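Position 140 (the sequence shown) corresponds to 141 in the working numbering; numbering is contiguous.
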Amino acid sequence: MIPGLSPASEAQLQAMLTPRITALTPLALTDLPFTLLGPAAPDLARLGVRATGSPDLTIVVTDPTRPIGHVEINAAGPGSLVFLDNRASTGQLRGNVRMLGANCVAVFPNLGDGYIALHDVFMRSNRQMLFWGSGSTAVGCSIEIEGDDRFVAIGDDALISSGIWIRNHDMHAIHDMRTGARINRPPVDTVLERHVWVGQNAMLLNCQRVGAGAIIGAQALVKNVVGQCVAVGGVPAHVIRYQVSWGRDAAGMTDAERATLDRLPVA
Numbered sequence: 002m003i004p005g006l007s008p009a010s011e012a013q014l015q016a017m018l019t020p021r022i023t024a025l026t027p028l029a030l031t032d033l034p035f036t037l038l039g040p041a042a043p044d045l046a047r048l049g050v051r052a053t054g055s056p057d058l059t060i061v062v063t064d065p066t067r068p069i070g071h072v073e074i075n076a077a078g079p080g081s082l083v084f085l086d087n088r089a090s091t092g093q094l095r096g097n098v099r100m101l102g103a104n105c106v107a108v109f110p111n112l113g114d115g116y117i118a119l120h121d122v123f124m125r126s127n128r129q130m131l132f133w134g135s136g137s138t139a140v141g142c143s144i145e146i147e148g149d150d151r152f153v154a155i156g157d158d159a160l161i162s163s164g165i166w167i168r169n170h171d172m173h174a175i176h177d178m179r180t181g182a183r184i185n186r187p188p189v190d191t192v193l194e195r196h197v198w199v200g201q202n203a204m205l206l207n208c209q210r211v212g213a214g215a216i217i218g219a220q221a222l223v224k225n226v227v228g229q230c231v232a233v234g235g236v237p238a239h240v241i242r243y244q245v246s247w248g249r250d251a252a253g254m255t256d257a258e259r260a261t262l263d264r265l266p267v268a
């Protein structure tokens, strides 16, 4: 699909390209124009990208002339790749991406005019992936991924507010002092399906999945699984209302938003 991807990363990406997450297909990715740039390529500065760290970091863009925004990438380990489909970009991606492990991948398809502020994306382990869906926006979001081969997938048309933390783990192990057994879960894969709204200062902590159309209230602490088309809030988050969703237009959901959700199979 994307040049430079390892077979393992390609398989991981293909597993994310499902209708519940994105309208993007492997064929659509394969048909794109690709330009491969190294971290020292002079074109990066014109695009608004600065790369440091490993000299074999690969940055793949679809238009070497269009602005991306202001992006800092630091790849400490070898073999990592960042894909930026900037054919329609107006330069609204702001972010800091740190890849501590080897063979990490960040995929940003269909960058457009939506504002995306990723204060800190921290890939702490090896062979990790971040997927950022088409049309998804963020006022201020930080993402931390722990565990080899783990990923975070943000589905199409997500609306992520400010002060958001998405962590696929509990930060540290918790043990039973009597038995020595670990009692909290290890890192998980975190998936936000399509058209999810995350309210201000919410935290997704060791959260496996947020269903399509769901609403996460401000300052909620979300773990485990959130269903499709529900509103959740509180610490810990619980369901406040079933069979609801949201629209980007304050006047209500558009026909396109409603139709997208109606076409998805019930989880």
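Backbone N, C-alpha and C fix where the C-beta goes; we use that ideal spot for every residue, glycine too. Source: prediction; values computed, not measured.
{"query": "Where Leu85 sits in the DSSP three-state scheme", "result": "strand"}
{"query": "For Leu317, the three-state DSSP class (helix, strand or coil)", "result": "The chain is shown only over 2 to 268; residue 317 falls outside these bounds and no answer can be derived."}
{"query": "C-beta contact flag for Ile216 and Val245 at 8 angstroms", "result": "yes"}
{"query": "Stretch pair the region 203 to 214 + the region 224 to 238: three plus CB contacts closer than 8 angstroms", "result": "yes"}
{"query": "Cα-Cα separation, Thr31 to Thr63", "result": "12 angstroms"}
{"query": "Residue span of the beta strand (DSSP E) that contains Ser143, given as start and end", "result": "138 to 146"}
{"query": "Contiguous beta strand (DSSP E) assignments of at least 3 residues, all confined to the region 42 to 121", "result": "50 to 54, 59 to 62, 70 to 76, 82 to 85, 94 to 100, 106 to 109"}
{"query": "Same chain, Cβ closer than 6 angstroms to Asp177, neighbours up to 5 away in sequence not counted", "result": "Ile184"}
{"query": "C-alpha gap between Leu6 and Ile60, whole angstroms", "result": "11 angstroms"}
{"query": "C-beta neighbour in chain C for Phe132, strict 8 angstroms", "result": "Given the protein chain composition of this structure (a single chain), no chain C is represented."}
{"query": "Boundaries (first-last residue) of the alpha helix (DSSP H) holding Ala16", "result": "8 to 17"}
{"query": "Option nearest Ala192 by Cα separation, candidates Leu28, Leu205, Ala252", "result": "In the sequence on display, residue 192 carries Val and not Ala. Looking at the Cα atoms, Leu205 is the closest of the given residues."}
{"query": "7 angstroms CB neighbourhood of Ser162 in its chain, flanking five on each side removed", "result": "Val140, Val199, Gly200, Gln201"}
{"query": "Simplified DSSP assignment, three categories, for Leu160", "result": "strand"}
{"query": "CB contact flag (Ala103, Gly136, <8 angstroms)", "result": "no"}
{"query": "Cut-off 7 angstroms between Cβ atoms - residues of its own chain near Leu18, not counting five sequence neighbours on either side", "result": "Leu25, Thr26, Pro27"}
{"query": "Distance, Pro266 Cα to Asp57 Cα", "result": "41 angstroms"}
{"query": "Reference Gly70; option with closest CA among Ala118, His196, Arg128, Arg151", "result": "Ala118"}
{"query": "Residue burial classification, Thr53 (beta-carbon count within 10 angstroms, cutoff 16)", "result": "exposed"}
{"query": "Spatial distance of Gln129 from Phe152 (CA atoms)", "result": "5 angstroms"}
{"query": "Sheet register partners of His239 (DSSP bridge)", "result": "Gly234"}
{"query": "Inter-residue Cα distance where the pair is Glu11 and Leu82", "result": "12 angstroms"}
{"query": "Buried versus exposed, by CB contacts within 10 Å (16 or more), Thr261", "result": "buried"}
{"query": "Exposed unless 16 or more other CB atoms sit within 10 angstroms - verdict on Val197", "result": "buried"}
{"query": "Beta-carbon gap between Ala251 and Val236 smaller than 8 angstroms", "result": "no"}
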